[in-house]
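Asker: One structure, pasted below without further comment.
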Amino acid sequence: GAVVSQHPSWVICKSGTSVKIECRSLDFQATTMFWYRQFPKQSLMLMATSNEGSKATYEQGVEKDKFLINHASLTLSTLTVTSAHPEDSSFYICSASRGAGELFFGEGSRLTVL
Amino acid sequence: GIQVEQSPPDLILQEGANSTLRCNFSDSVNNLQWFHQNPWGQLINLFYIPSGTKQNGRLSATTVATERYSLLYISSSQTTDSGVYFCAVGAAMDTGRRALTFGSGTRLQVQP
Chain D
1 GAVVSQHPSW
11 VICKSGTSVK
21 IECRSLDFQA
31 TTMFWYRQFP
41 KQSLMLMATS
51 NEGSKATYEQ
61 GVEKDKFLIN
71 HASLTLSTLT
81 VTSAHPEDSS
91 FYICSASRGA
101 GELFFGEGSR
111 LTVL
Chain C
115 GIQVEQSPPD
125 LILQEGANST
135 LRCNFSDSVN
145 NLQWFHQNPW
155 GQLINLFYIP
165 SGTKQNGRLS
175 ATTVATERYS
185 LLYISSSQTT
195 DSGVYFCAVG
205 AAMDTGRRAL
215 TFGSGTRLQV
225 QP
């Protein structure tokens, strides 16, 4: 099956710093990727839709200036958490699809902000 | 947006038992997937099943799209089946977006 890879798997940073998470589709091109966030013992919530070559679309309540998304190529989308605070600590997961069908998810990136 | 409800929220089984997990959704879908989230957080694709029935080993799934529900069957459960099972759907009306909306999950614990 299709593979989506995220990096890093774990990241710990100090409050006020910025953290970048990468999401790559390894064996297919993805014009659209999706970023989700999951807090402990909760479900996955869609944060934004990343579109290759254009601006991301953010879900209601997600700050676009805080969560910067760049989809610079057909195989790479990045999520940058700017000026991170402890409440941003969460599990971030990306997903992508070849086309109109099944979505494939990355391994996730666990962010801890001290 | 589309609503996704999963039941039961929690389930405890003895090893070897069978179980059925249910997913109800509020609108027409063009995508439905079942996932198992392991203790490290990784989502394991179980089934892509917007309609019909599929089987993979001890697991099988059925989606009745016209009645807006899907079922995941686990037979002869093993301790390694423990974890959270998510149902996620793509609303048919969201033809341009294709994102999945997740249910709240069923937390399964299989005891030896």
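Chains as they are written, first to last, in our numbering: chain D, 1 to 114; chain C, 115 to 226. For each residue, glycine too, the CB sits at the ideal point set by N, CA and C.
State yes or no: is the beta carbon of Trp148 (chain C) nearer than 9 Å to at least one beta carbon in chain D?
Answerer: Start at 1 with the first residue of the second sequence, and residue 148 (chain C) comes out as number 34. For Trp148 (chain C), the answer is no, since every Cβ of chain D falls outside 9 Å of its Cβ.
Asker: Can you have a look at Leu26 (chain D) and say buried or exposed, based on whether 16 or more other CB atoms are within 10 angstroms of its CB?
Answerer: Here residue 26 (chain D) refers to the residue found at position 26 of the first sequence. The residue in question, Leu26 (chain D), is exposed, as its Cβ has fewer than 16 Cβ neighbours within 10 Å.
Asker: Using the Cα positions of Gly224 (chain C) and Gly204 (chain C), report the straight-line distance between them to the nearest angstrom.
Answerer: As a first step, residue 224 (chain C) is located in the second sequence; it is residue number 110 there, counting from the start. As a first step, residue 204 (chain C) is located in the second sequence; it is residue number 90 there, counting from the start. Per the sequence presented here, residue 224 (chain C) reads as Val, with Gly not at that position. Between Val224 (chain C) and Gly204 (chain C), the C-alpha separation is close to 30 Å.
Asker: Considering only residues of the same chain and omitting the five flanking positions on each side of Val62 (chain D), which have a CB-CB separation below 8 Å?
Answerer: Here residue 62 (chain D) refers to the residue found at position 62 of the first sequence. Around Val62 (chain D): Met47, Ala48.
Asker: Would you check if the distance between the CB atom of Leu111 (chain D) and the CB atom of Asp88 (chain D) is smaller than 9 Å?
Answerer: Residue numbering aside, residue 111 (chain D) sits at position 111 when the first sequence is read from its first letter. Residue numbering aside, residue 88 (chain D) sits at position 88 when the first sequence is read from its first letter. Their beta carbons are under 9 Å apart, which means Leu111 (chain D) touches Asp88 (chain D) by this criterion.
Asker: Hey, is the stretch 186-204 of chain C in contact with the stretch 134-150 of chain C, meaning 3+ C-beta pairs nearer than 8 Å?
Answerer: yes
Asker: Tell me whether Asp124 (chain C) sits in a helix, a strand or coil according to DSSP, three-state version.
Answerer: In the second sequence, the residue the question calls residue 124 (chain C) occupies position 10. Of the three classes helix, strand and coil, the one that applies to Asp124 (chain C) here is strand, per DSSP.
Asker: For Val11 (chain D) and Glu181 (chain C), what's the separation of their Cα atoms in angstroms?
Answerer: Position 11 of the first sequence holds residue 11 (chain D). Position 67 of the second sequence holds residue 181 (chain C). Rounded to the nearest angstrom, the two C-alpha atoms are 43 Å apart.
Asker: Against Ala213 (chain C), what residues of chain D qualify as contacts under a CB-to-CB distance less than 7 Å, listed in chain order?
Answerer: Taking the first residue of the second sequence as 1, we reach residue 213 (chain C) at position 99. Simply Phe34, Leu46, Thr49.
Asker: Kindly indicate which residue of C:Pro153, C:Thr215, C:Phe200 has the alpha-carbon position closest to the one of Glu59 (chain D).
Answerer: As a working mapping, residue 59 (chain D) is identified with position 59 in the first sequence. Nearest C-alpha to Glu59 (chain D): C:Thr215.
Asker: Considering only residues of the same chain and omitting the five flanking positions on each side of Ser189 (chain C), which have a CB-CB separation below 6 Å?
Answerer: If you number the second sequence from 1, residue 189 (chain C) lands on position 75. Answer for Ser189 (chain C): Asn132, Arg172, listed in chain order.
Asker: Just checking: is the beta-carbon of Gly130 (chain C) within a distance shorter than 9 Å of some beta-carbon in chain D?
Answerer: On the second sequence, residue 130 (chain C) is found 16 positions in, with the first residue counted as 1. For Gly130 (chain C), the answer is no, since every Cβ of chain D falls outside 9 Å of its Cβ.
Asker: Per DSSP, what are the beta-bridge partners of Val203 (chain C) in this structure?
Answerer: Here residue 203 (chain C) corresponds to residue number 89 of the second sequence, with the count starting at 1. Val203 (chain C) pairs with C:Leu146, C:Thr215.
Asker: Cβ atoms of Phe161 (chain C) and Trp148 (chain C): under 9 Å apart, would you say?
Answerer: Residue 148 (chain C) sits at position 34 when you count from the first residue of the second sequence. Residue 161 (chain C) sits at position 47 when you count from the first residue of the second sequence. In this structure, Phe161 (chain C) lies closer than 9 Å to Trp148 (chain C) by Cβ.
Asker: Under the DSSP definition of a beta bridge, which residues are partnered with Lys168 (chain C)?
Answerer: Walking along the second sequence from the start, residue 168 (chain C) turns up at place 54. DSSP lists C:Ala175 as partners of Lys168 (chain C).
Asker: With 9 Å set as the bound, which would you pick, yes or no: does the beta-carbon of Gly108 (chain D) sit closer than that to a beta-carbon of chain C?
Answerer: Counting from 1 along the first sequence, the entry for residue 108 (chain D) is found at position 108. So yes, Gly108 (chain D) belongs to the interface.
Asker: What's the C-alpha gap between Ala84 (chain D) and Cys13 (chain D)?
Answerer: Taking the first residue of the first sequence as position 1, residue 84 (chain D) is located at position 84. Taking the first residue of the first sequence as position 1, residue 13 (chain D) is located at position 13. Answer to the nearest angstrom: the Cα atoms are 8 Å apart.
Asker: Strictly by DSSP, which residues pair up with Ala48 (chain D)?
Answerer: The count along the first sequence starts at 1 and reaches residue 48 (chain D) at position 48. D:Trp35, D:Tyr58.
Asker: Where Arg37 (chain D) and Arg136 (chain C) are concerned, what is the direct C-alpha to C-alpha distance, given to the nearest angstrom?
Answerer: The residue you call residue 37 (chain D) lines up with position 37 of the first sequence. The residue you call residue 136 (chain C) lines up with position 22 of the second sequence. Taking the straight line joining both Cα atoms gives about 23 Å.
Asker: Going by DSSP, name the residue or residues bridged to Thr80 (chain D).
Answerer: On the first sequence, position 80 is the one that residue 80 (chain D) refers to. Partner(s): D:Lys20, D:Leu68.
Asker: May I ask you to report which of helix, strand or coil DSSP gives Thr75 (chain D)?
Answerer: What you label residue 75 (chain D) is simply residue 75 of the first sequence in a count that begins at 1. The answer is coil: DSSP assigns Thr75 (chain D) none of H, G, I, E or B.
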